[in-house]
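Data block below; observations after.
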Amino acid sequence: MTTRRRVEVFSAGCAVCNETVVMVQRLACPSCDVQLLDMNDAQVADRARKLGIRSVPAVVIDGQLASCCAGRGVDEQSLRAAGLGQP
Numbered sequence: 741m742t743t744r745r746r747v748e749v750f751s752a753g754c755a756v757c758n759e760t761v762v763m764v765q766r767l768a769c770p771s772c773d774v775q776l777l778d779m780n781d782a783q784v785a786d787r788a789r790k791l792g793i794r795s796v797p798a799v800v801i802d803g804q805l806a807s808c809c810a811g812r813g814v815d816e817q818s819l820r821a822a823g824l825g826q827p
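Per my numbering, the sequence shown starts with residue 741, numbered consecutively.
The following block contains the structure:
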């Protein structure tokens, strides 16, 4: 049985957020469970605060905020290093 990798994309629907969603979907492997979360939802915003998210877009992989999302923007190399695209 393959373990599913949980990938959460926190977005506000902006152009940069949409580019990140497309990148994550492109990089995701078949065992990745990608969830798109709308920061306009109060429960999503609360979860984001608890995870330490201070800006969007942000990507959380298996409960950990990807290093690229701590303030300088999402990049493919950091997402791959965090495990995105790996079964």
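Where a beta carbon is used, it is the ideal one built from N, C-alpha and C, also for glycine. No experiment lies behind these values; they were computed from the predicted model shown.
V806 - partner residues in DSSP beta bridges | In the sequence shown, residue 806 corresponds to position 66, counting from 1. In the sequence under discussion, the amino acid at residue 806 is Ala, which differs from the Val named in the question. Note: A806 sits in no beta bridge, so no partner.
Does the pairing of the region 762–781 with the region 803–810 give three or more beta-carbon distances under 8 Å?
-> no
Between which two residues does the alpha helix (DSSP H) harbouring R787 extend?
-> Start at 1 with the first residue of the sequence shown, and residue 787 comes out as number 47. Element bounds for R787: 782–791.
Hey, could you find the ends of the alpha helix (DSSP H) Q775 is sitting in?
-> The count along the sequence shown starts at 1 and reaches residue 775 at position 35. Counting along the chain, Q775 falls outside any alpha helix (DSSP H), though it belongs to the beta strand (DSSP E) covering 772–778.
Who are A798's beta bridge partners in DSSP?
-> If you number the sequence shown from 1, residue 798 lands on position 58. For A798, which the question treats as bridged, DSSP gives the partners F750.
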